[in-house]
Structures are given as C-alpha cells and as structure tokens.
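Going by numbering that gives the first Met the number 0, the first residue of the sequence shown is number 0, and it counts up by one from there.
Backbone N, C-alpha and C define an ideal beta-carbon position, used for all residues, glycine too.
If you're wondering where the values come from, they're calculated on a predicted model, not measured in any experiment.
For reference, the structure discussed in these notes is given below.
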Amino acid sequence: MTYVVTDACIRCKYMDCVEVCPVDCFYEGDNMLVINPNECIDCGVCEPECPAEAILPDTESGNEKWLELNATFSAQWPNITRKKDSPADADDYKGKDGKYDAYFSAEPGAGD
C-alpha cells in the first residue's frame, strides 16, 4: 500500500503534508502535489494533516487512476521537502468537485 494525492489538492496545495513526511516523497506541480509511490513508506502521517482531505490510501476503490497520476508526475516534477505558503485563494477551491477536469496542470512547480 501507498498513499496518493487526489484532485482535492488541486488549487489548494496546503503543503501541511510536506512538513510531516519523514521520507520527503512529495513532488510539486504547478497547482497540486503528488506522492512518489516508490518512496512512500506507508506511515500515514500525511493523511490527517491535509486540510483538503486529498491524501488517501491507494487501496481505496477508485484510487487506481490517482496512483498512476502520482507515479507519472512524481517522476517529472521537482521534489519538495518543506512547507511553503498555500495559494491565496486555496480556501475558495477546498471541497469543490471536478477540479481535475477544470484545473489540473501538468506543469511542474518550483520545488525547494
């Protein structure tokens, strides 16, 4: 098992998860984070830290597409090991549905 970041992160990118990750397995995209499933040690400390509830175990039904997305983009985006400021409008997007189709960006973030 590993944890995955889902579309609930898109345009929120709170980064509380990055702060607690003991193995630095988060990678930063333009408007979301992903977890490298090969680096994640399944400790679960990131899941309760996410205000957007965007981090879930890959074993939950329907998370196969998120596992693939996390694996793909963690190989392309820069690693992030410390929390940064969230977008100013993050709370406006928290809890919205359909964010992947409406807002997903494959562009990398700045990383550390």
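Query: Start-to-end residues for the beta strand (DSSP E) that takes in V33; Result: L32 to I34
Query: For C24, the nearest candidate out of N69, D6 and C11 (CA to CA); Result: N69
Query: Helix, strand or coil at E52 according to DSSP, with G and I counted as helix; Result: coil
Query: When C11, A74, E106 and I34 are compared against K95, the one with the closest alpha-carbon; Result: C11
Query: Euclidean distance between Cα positions of I9 and L32; Result: 8 Å
Query: Minimum C-alpha distance to R81 - residue among C16, P56 and T1; Result: C16
Query: Cα-Cα separation, S170 to I79; Result: Only positions 0 to 111 of the chain appear in the structure, and residue 170 is not among them; the question remains open.
Query: Distance CB(Y13)-CB(I54) smaller than 7 Å; Result: no
Query: Terminal residues of the beta strand (DSSP E) in which F25 lies; Result: F25 to E27
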